[in-house]
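Student: In our numbering, the protein residues as written are 2 to 214.
Note that CB positions come from ideal geometry on N, CA and C, so glycine has one too.
Handing you a structure now.
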């Protein structure tokens, strides 16, 4: 028994050394594989980039004039416009919401949303110049595009709420879109004056005229 224990103790260090050497060899092999894979990926990316640049250069060369190349300033404006459009997609504008000094604006906006059965997370602030007797517009930023669309879809329900009949909910438009909308509203008023026997309203950016029921 004692002899067997001595032989076992003698064999253990040798076995452990073999296992350590085996693990080191496996680790070395994996390291070499990773380095090879990294080299392959880098080479592929480099080749792809060179190919794309070559294709882009060929496209520019084939173009009618060098003026077809987008200038950095023009590209910057395009990117800025896209970012601003994305930001506006999370906003709604409230017009006609009564304004008082030291008002609880968040409470007022929340009441508007509750009236259309919505309770989103939002941040609200008055914008524009103060004009006597006219409430400033309210810009409301929500936590995403979906709640904005839900509120806009249900906004017509405010007409049936006596205290909020004067409140109008609108998407947050760019200056160009606001200008177009302003002209559209003026045209709508003109049609209502010229053809009072018809029903006129704005739908999807156009004036629609139908017979009165």
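With DSSP as the reference, label residue 106 as helix, strand or coil.
Tutor: Of the three classes helix, strand and coil, the one that applies to residue 106 here is helix, per DSSP.
Student: Between 211, 134, 178, 180, which lies nearest to residue 192 when the distance is taken from Cα to Cα?
Tutor: Out of 211, 134, 178, 180, 211 has the C-alpha closest to the C-alpha of residue 192.
Student: Measuring only the C-alpha atoms, how far is residue 115 from residue 73?
Tutor: Cα to Cα, the separation comes out at about 46 Å.
Student: Measuring straight from C-alpha to C-alpha, what distance separates residue 123 and residue 135?
Tutor: Cα-Cα distance, rounded: 24 Å.
Student: Please state the DSSP three-state secondary structure of residue 122.
Tutor: DSSP places residue 122 in coil when its eight states are reduced to three.
Student: Once the 5 residues before and after residue 90 are set aside, which same chain residues still bring their CB inside 6 Å of it?
Tutor: These residues qualify, in order along the chain: 146.
Student: Ordered along the chain, which non-local residues of its own chain (more than five positions away) have a Cβ less than 8 Å from that of residue 113?
Tutor: Cβ neighbours of residue 113 beyond the five flanking positions: 95, 98, 159, 165, 168, 170.
Student: Excluding the 5 residues preceding and the 5 following residue 131 in the sequence, name in chain order all residues of the same chain whose CB lies nearer than 7 Å to its CB.
Tutor: These residues qualify, in order along the chain: 137.
Student: Whole angstroms are fine: how far does the CA of residue 93 sit from the CA of residue 186?
Tutor: Straight-line Cα distance between these residues: approximately 19 Å.
Student: Look at residue 119 and residue 155 and say whether their C-beta atoms are less than 9 Å apart.
Tutor: Against a cut-off of 9 Å, the Cβ pair of residue 155 and residue 119 comes out as a contact.
Student: Please give me, in chain order, every unbroken run of the alpha helix (DSSP H) with length at least 4 that falls completely inside the segment 165–209.
Tutor: Listed in chain order, the complete alpha helix (DSSP H) runs (minimum 4 residues) inside the segment 165–209 are 176–195.
Student: Does the beta-carbon of residue 128 have 16 or more other beta-carbons within 10 angstroms, so that it is buried, or is it exposed?
Tutor: Burial call: exposed.
Student: Going by DSSP in three states, residue 1 sits in which element: helix, strand or coil?
Tutor: Residue 1 falls outside the range modelled here, since the chain spans only 2 to 214, and no answer is possible.
Student: Would residue 141 and residue 172 be called neighbours here (beta carbons separated by less than 9 Å)?
Tutor: No, Cβ-Cβ distance for residue 141 and residue 172 is not below 9 Å.
Student: Is residue 203 buried or exposed, if buried means 16 or more other CB atoms sit within 10 Å of its CB?
Tutor: Residue 203 is exposed by the Cβ-count criterion.
Student: Alpha carbon to alpha carbon, what distance is there between residue 75 and residue 213?
Tutor: One C-alpha to the other measures close to 49 Å.
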